[in-house]
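Numbering (the numbering used here), first residue to last: 1 to 175. For glycine and all other residues, C-beta sits at the position ideal for the given N, C-alpha and C. None of the values given here were measured: they were computed from a predicted structure.
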Amino acid sequence: MRLWSEERRLGTLELLLTMPITTWQAIVGKFLASWIFLILALALTFPVWITVNWLGRPDNGVIFAGYVGSALLSGAYLAISCMTSAMTRNQVISFIVSVVICLFLILAGFTPVTDLLVRWANPAFVQTIAAFSVMTHFEGFQRGVLDLRDVVFFVSLIGFALFTTGVVIRGHRAG
Numbered sequence: 001m002r003l004w005s006e007e008r009r010l011g012t013l014e015l016l017l018t019m020p021i022t023t024w025q026a027i028v029g030k031f032l033a034s035w036i037f038l039i040l041a042l043a044l045t046f047p048v049w050i051t052v053n054w055l056g057r058p059d060n061g062v063i064f065a066g067y068v069g070s071a072l073l074s075g076a077y078l079a080i081s082c083m084t085s086a087m088t089r090n091q092v093i094s095f096i097v098s099v100v101i102c103l104f105l106i107l108a109g110f111t112p113v114t115d116l117l118v119r120w121a122n123p124a125f126v127q128t129i130a131a132f133s134v135m136t137h138f139e140g141f142q143r144g145v146l147d148l149r150d151v152v153f154f155v156s157l158i159g160f161a162l163f164t165t166g167v168v169i170r171g172h173r174a175g
């Protein structure tokens, strides 16, 4: 949450944006540094994988797909957090807004929620909203399926959130 809001609060955003790098390079650099840190934290759970393989015979394809899906899901949540951090000056507000957005992306495809929405809205509209759920796209990874559509969904979500971050940062720079 501190990626951009702390820069604005401390007044170092202007200094960062006057460096000999483009705004897009700063955004991608901050995002990749944070995402690599998250992937490293995820990779440090490998002793669990070793223990499970030592004690039994798990399907390592499912485990690998779960790791890939978790890395993509964390990247999507991190990109959304970058976007909300760029929008606000306060990191607490950024945290709350990003939790609400991420919760919406989870609940959009949750079966009890979609069943409730079908009563009030058109089923085609509900299915369109459910297609934006991260959980419907993460289910394939949980089953061990690396589907290109799910990967494209997460990469598109990351790209859209980072693009929005760029628009917000350029707006602060211009205004």
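The straight-line gap separating the alpha-carbon atoms of L146 and T18 is approximately 41 Å. Counting along the chain, the unbroken alpha helix (DSSP H) around N60 starts and ends at 60-87. T111 and V100 have their C-alpha atoms roughly 19 Å apart. Within the same chain, and ignoring the five residues on either side of E7 in sequence, the residues whose Cβ sits closer than 8 Å to its Cβ are L13, L16. Annotation: the continuous alpha helix (DSSP H) that includes S34 extends over 23-43. Between the C-alpha atoms of F95 and W54 there is a straight-line separation of about 40 Å. Residue nearest to L162 within the set L78, F138, G144, Q91 is L78 (criterion: CA-CA distance). Taking C-beta atoms under 8 Å as the contact rule, I39 and A71 qualify, at a distance of about 5 Å. In this structure, the beta-carbon distance from I169 to G75 does not fall below 7 Å. Going by DSSP, V126 is part of the alpha helix (DSSP H) stretching over 123-130.
For P20, no alpha helix (DSSP H) segment is defined, and its DSSP state is neither H nor E. Annotation: S81 to L117 spans about 27 Å, alpha carbon to alpha carbon. Inter-residue distance for I50 and L44 is about 11 Å (C-alpha atoms, whole angstroms). If you look at T111, you'll find it in the alpha helix (DSSP H) that goes 111-120. Judged by DSSP in its simplified three-state form, S133 adopts coil rather than helix or strand.
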